[in-house]
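J.: Handing you this structure, nothing more for now.
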Amino acid sequence: MSHSHADQDPLRLAQERLGAGAIKEAEALIHQALDQQPRNIAAWMQLGRLLSRSGRLGDAAEAFLKAAELDPAHLQSRTALGCLFRNMSFPEEAIHWHGEALALQPDSLILQLNHLFVLPIVPDRKSTRLNSSHLVISY
Numbered sequence: 482m483s484h485s486h487a488d489q490d491p492l493r494l495a496q497e498r499l500g501a502g503a504i505k506e507a508e509a510l511i512h513q514a515l516d517q518q519p520r521n522i523a524a525w526m527q528l529g530r531l532l533s534r535s536g537r538l539g540d541a542a543e544a545f546l547k548a549a550e551l552d553p554a555h556l557q558s559r560t561a562l563g564c565l566f567r568n569m570s571f572p573e574e575a576i577h578w579h580g581e582a583l584a585l586q587p588d589s590l591i592l593q594l595n596h597l598f599v600l601p602i603v604p605d606r607k608s609t610r611l612n613s614s615h616l617v618i619s620y
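For the sequence shown, the positions run 482 to 620 when the working numbering is used.
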């Protein structure tokens, strides 16, 4: 299989390479797709998933944030950010992004449960308040 053919989709090739365990090659193909189409939300999401699975959670968050920034109504990026921040033990950020996803699809039981399951891990601090007007992430 040659990766130099212009008619081959780099994202599809990346998925194939990822399935074969070639993570670095898959990441390079995703970056190739983003070089060609920097506003490609599917590519940003695929990059975020790859980085998350590779344990590069901060980089994964940046990729998912880029997808969310490109489309304010993109449900999957908000859900991915909520789950990622929950797993990173950033409950306030998790609540924020799960809340944004829920606002896009308020009748979704799955999104309601995602939002509820993160609430108990918020530390009991009287200064803790979620300000949904902005999000600050520190690594």
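Glycine included, C-beta positions come from ideal geometry on N, C-alpha and C.
(1) CB R567 to CB V599, shorter than 9 Å?
(2) For the alpha helix (DSSP H) containing S533, list its first residue and its last residue.
(3) In angstroms, rounded to a whole number, what distance separates the CA positions of A495 and P553?
(4) Can you give me the Cβ contacts of F545 inside the same chain, cut-off strictly under 6 Å, excluding the 5 residues immediately before and after it?
(5) Taking CB distances under 9 Å as the criterion, tell me whether P491 reaches chain C.
(6) Taking 8 Å as the cut-off, is the CB of P519 close to at least one heavy atom of the ligand ZN?
(7) Please classify R493: does DSSP put it in a helix, a strand, or coil?
T.: So, from the listed chains and residues:
(1) yes
(2) I522 to R534
(3) 26 Å
(4) G529, S558, A561 and L562
(5) Protein chain content of the structure displayed is limited to a single chain, and chain C is not contained in it.
(6) Because no ligand of any kind appears in the structure shown, any question about the ligand ZN cannot be addressed here.
(7) helix
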